[in-house]
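Working notes, structure below.
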Amino acid sequence: MREVEDLHGAGLVGGAADHEGIADEHTAADRPSWETTADRRGLVSERRAGDRVGKQGRDYVRVEAARIDALLNLAGEMVIARSTLTQVAGELEQSIPKSELTDRFMIASSQMGKFIGELQKSVLKMRMVTIDQVFRRFGMPMRELAAERGKQVELEMRGGETELDRTLVDLIYEPLLHLLRNAVDHGLETPDERAAAGKPRVGKITMRAYHEGNQVVVEVSDDGRGVDIEALKAKAVDAGEISLEAAREMSDEDALDLMFVQGVSTAKEISMVSGRGIGAAAVKSVVEELRGTISVRSEFGSGATFVLRMPLTLAIIKALLFYAGGQLLALPLLVVGEVCRALTTDIVTFDGHESFRMRDRFISVVRPGRVLDYRERPSQHLGGIKLGAGEFFVIVANVTGKKFGIIAETLLGEQELVIKPLDSQWVENETLAGASVLGDGSVVLILDAGVLFRKAVKYEQGPSREAAAV
Numbered sequence: 319m320r321e322v323e324d325l326h327g328a329g330l331v332g333g334a335a336d337h338e339g340i341a342d343e344h345t346a347a348d349r350p351s352w353e354t355t356a357d358r359r360g361l362v363s364e365r366r367a368g369d370r371v372g373k374q375g376r377d378y379v380r381v382e383a384a385r386i387d388a389l390l391n392l393a394g395e396m397v398i399a400r401s402t403l404t405q406v407a408g409e410l411e412q413s414i415p416k417s418e419l420t421d422r423f424m425i426a427s428s429q430m431g432k433f434i435g436e437l438q439k440s441v442l443k444m445r446m447v448t449i450d451q452v453f454r455r456f457g458m459p460m461r462e463l464a465a466e467r468g469k470q471v472e473l474e475m476r477g478g479e480t481e482l483d484r485t486l487v488d489l490i491y492e493p494l495l496h497l498l499r500n501a502v503d504h505g506l507e508t509p510d511e512r513a514a515a516g517k518p519r520v521g522k523i524t525m526r527a528y529h530e531g532n533q534v535v536v537e538v539s540d541d542g543r544g545v546d547i548e549a550l551k552a553k554a555v556d557a558g559e560i561s562l563e564a565a566r567e568m569s570d571e572d573a574l575d576l577m578f579v580q581g582v583s584t585a586k587e588i589s590m591v592s593g594r595g596i597g598a599a600a601v602k603s604v605v606e607e608l609r610g611t612i613s614v615r616s617e618f619g620s621g622a623t624f625v626l627r628m629p630l631t632l633a634i635i636k637a638l639l640f641y642a643g644g645q646l647l648a649l650p651l652l653v654v655g656e657v658c659r660a661l662t663t664d665i666v667t668f669d670g671h672e673s674f675r676m677r678d679r680f681i682s683v684v685r686p687g688r689v690l691d692y693r694e695r696p697s698q699h700l701g702g703i704k705l706g707a708g709e710f711f712v713i714v715a716n717v718t719g720k721k722f723g724i725i726a727e728t729l730l731g732e733q734e735l736v737i738k739p740l741d742s743q744w745v746e747n748e749t750l751a752g753a754s755v756l757g758d759g760s761v762v763l764i765l766d767a768g769v770l771f772r773k774a775v776k777y778e779q780g781p782s783r784e785a786a787a788v
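Residue numbering for the sequence shown follows my numbering, beginning at 319 and increasing consecutively.
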């Protein structure tokens, strides 16, 4: 197995590919087909040392991670206090005649909010580490697996300088390791098979990390066999996950999602690494626990790419607040696509499952009260945006490239939330990612979009699923 290091920019394993002006003196052809651990460490060390030029005069202090966490918790409480202060300032502005004193208070309130925001960003930055700390751990297990399976593999890692919350570093190692193992064991062909197919004898696996908005995106791709869609559908039918009729009507995109259903696998050979149909489902479960998503795209005969999307931090999120069935809820902004106004007549039913007619197509919709099992009641909240009788909002969410809707009666707008643990009433509910406290003391429940999507769209729907999920 050969590891290829992208030496542009930072010079780390997986250095930034978008930095220009630094030539790579060690091309793939110049490198030995198998580099020792010592060779790799020496190369990385040399590049990092050069990257530190001009930083020798800086002072560093080693700080316990627990102290940073405590500081972040305090910053979170200050964010809640900022919300309270902003709300009080707004109420004062409306109820007290304008004067020099109220102007000074409003200015001070605005400045305080700005400073708290900057403090929060600084503390979050202290918790950030580079994903290179994860990438560098893959070399040895991949070498061993490639040798064991008789494969020739080139592993290329890019974007090692991409930063993420340190709490994510250990949590994403196992999911990424499984995807890499699956690519070597199941995705890539043997050298002879590749030669017969007109491919290079050495298979290539690429792992790339980058930022996209407030998310960390990690892609794991290979140039191997790809996914046999028809075989995957057949396995799902045999496993009882979908009907034969549903398999015939299912799009290729939807069929690829079957890879994440436990017990469904197209592996011809069961090994210690893959073939049991358990690993991909477990990977998806871990990623969703991190409030992330995973998707796959593939072209049969050309390879596959798994895409993991995760939040930069698990401590604070931006969310859309709304009332549904009288309950205050929040949905992470990262998954919110748009908000539509709807009439009762815009909701249609397929086999007992509700869908919303969105322009020229249908999307599945879910009522949070039914999923969370609370008694729905009219919202008593006086603020926010409400519609007339017979009207409601449909919040359109995007999960793994697919859309579904959430029915709401009142929109409160966007807000930054500090995530808190759930109390005993909700802690066992998998549809919730956490809770938060608003400035007025109200408790808001934060929805897990991935779990909510699974509850909104069911494979058992057969042909109607094609109309209901886009």
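No residue lacks a Cβ here, since even glycine has one placed at the ideal position from N, Cα and C.
Would DSSP call residue 608 helix, strand or coil?
Taking the first residue of the sequence shown as position 1, residue 608 is located at position 290. Coil at residue 608, not helix or strand.
Starting from the C-beta of residue 764, find all residues in its chain whose C-beta is less than 7 angstroms away, skip the five residues before and the five after it, and write them out in chain order.
Here residue 764 refers to the residue found at position 446 when the sequence shown is read from its first residue. In chain order, 637, 648, 735, 737, 750, 751, 752, 753 and 754 place their CB closer than 7 angstroms to the CB of residue 764, counting only its own chain and leaving out the 5 sequence neighbours on each side.
Helix, strand or coil, according to DSSP, for residue 591 in the structure here?
What you label residue 591 is simply residue 273 of the sequence shown in a count that begins at 1. Confidence is the limiting factor: at residue 591 the pLDDT is only 49, short of 50, which leaves the residue's position unreliable and the question unanswerable from this model.
With a floor of 4 residues, list each alpha helix (DSSP H) that falls wholly inside the segment 490-564, ordered by position along the chain.
If only complete runs of 4 or more residues are kept, the segment 490-564 shows the alpha helix (DSSP H) at 509-514 and 547-556, in order along the chain.
Excluding the 5 residues preceding and the 5 following residue 398 in the sequence, name in chain order all residues of the same chain whose CB lies nearer than 7 angstroms to its CB.
Within the sequence shown, residue 398 is the residue found at index 80, counting from 1. Correct list, in chain order: 736, 755 and 757.
For residue 448, report the span of its beta strand (DSSP E) as first-last.
Position 130 of the sequence shown, counted from the start, is the residue given in the question as residue 448. Annotation for residue 448: the continuous beta strand (DSSP E) segment containing it runs 446-448.
Compute every distance between the C-beta of residue 521 and the non-hydrogen atoms of the ligand ADP, then say whether any falls below 8 angstroms.
This structure lacks the ligand ADP; in fact it carries no ligand of any kind.
Skipping 5 residues on each side, what residues in its chain have a beta carbon closer than 6 angstroms to that of residue 704?
The sequence position of residue 704 within the sequence shown is 386, counting from 1. Around residue 704: 728.
For a minimum of 4 consecutive residues, which ranges assigned as the alpha helix (DSSP H) are wholly contained in the segment 432-475?
Entirely contained in the segment 432-475, the alpha helix (DSSP H) runs reaching 4 residues are, in chain order, 450-453 and 457-467.
Taking residue 686 as part of the alpha helix (DSSP H), name the residues at either end of that continuous run.
Residue numbering aside, residue 686 sits at position 368 when the sequence shown is read from its first letter. Membership of residue 686 in the alpha helix (DSSP H) is indicated by the continuous run 686-690.
Given residue 512, which residues of its chain have a CB within under 6 angstroms of its CB, disregarding the five upstream and five downstream residues?
Within the sequence shown, numbered from 1, the residue matching residue 512 stands at position 194. Only 519 meet the Cβ criterion.
Between the CA atoms of residue 712 and residue 683 - distance to the nearest angstrom:
Sequence index remark: in the sequence shown, residue 683 carries index 365 (1-based). Sequence index remark: in the sequence shown, residue 712 carries index 394 (1-based). Each residue's Cα considered, the two are about 8 angstroms apart.
Of the residues 392, 768, 747 and 731, which one's Cα is nearest the Cα of residue 653?
Residue mapping note: residue 653 aligns to position 335 of the sequence shown, counting from 1. Ranking 392, 768, 747 and 731 by Cα distance to residue 653 puts 768 first.
Quick check on DSSP: helix, strand or coil for residue 716?
On the sequence shown, residue 716 is found 398 positions in, with the first residue counted as 1. Strand.
Taking only three categories from DSSP, how would you classify residue 677?
Position 359 of the sequence shown, counted from the first residue, corresponds to residue 677. Residue 677: coil per DSSP, three-state reduction.
Helix, strand or coil for residue 653, going by three-state DSSP, please let me know.
Indexing the sequence shown from 1 puts residue 653 at position 335. The answer is helix: DSSP assigns residue 653 an H, G or I state.
My assumption, with CB atoms under 8 angstroms, is that residue 471 sits in contact with residue 502. Please give the rounded CB distance.
Translated into the one-based positions of the sequence shown, residue 471 becomes position 153. Translated into the one-based positions of the sequence shown, residue 502 becomes position 184. Rounded, the Cβ-Cβ distance is 6 angstroms, consistent with contact.
Are the segment 560-579 and the segment 607-620 touching, with three or more C-beta to C-beta distances below 8 angstroms?
The segment 560-579 and the segment 607-620 touch, with no fewer than 3 CB-CB distances between them shorter than 8 angstroms.
Measuring alpha carbon to alpha carbon, tell me which residue in 745, 559, 631 and 723 is nearest residue 439.
What you label residue 439 is simply residue 121 of the sequence shown in a count that begins at 1. The alpha carbon of residue 439 has as its nearest neighbour, out of 745, 559, 631 and 723, the alpha carbon of 631.
Determine whether the beta carbon atoms of residue 540 and residue 521 lie at a separation below 9 angstroms.
If you number the sequence shown from 1, residue 540 lands on position 222. If you number the sequence shown from 1, residue 521 lands on position 203. Contact flag set, yes.
Ignore the nearest five residues each way along the sequence and tell me which others in residue 525's own chain have a CB closer than 6 angstroms to its CB.
On the sequence shown, position 207 is the one that residue 525 refers to. Result list for residue 525: 475 and 538, in chain order.
Who are the Cβ neighbours of residue 672 in its own chain at under 6 angstroms, not counting the five residues just before and after it?
Position 354 of the sequence shown, counted from the start, is the residue given in the question as residue 672. For residue 672, where only same-chain residues beyond five positions count, the Cβ hits under 6 angstroms are 665 and 683.
Would you kindly work out how many angstroms separate the C-alpha atoms of residue 675 and residue 579, rounded to a whole number?
Taking the sequence shown and counting its residues from 1, the one referred to as residue 675 is at position 357. Taking the sequence shown and counting its residues from 1, the one referred to as residue 579 is at position 261. So the two alpha carbons sit approximately 28 angstroms from each other.
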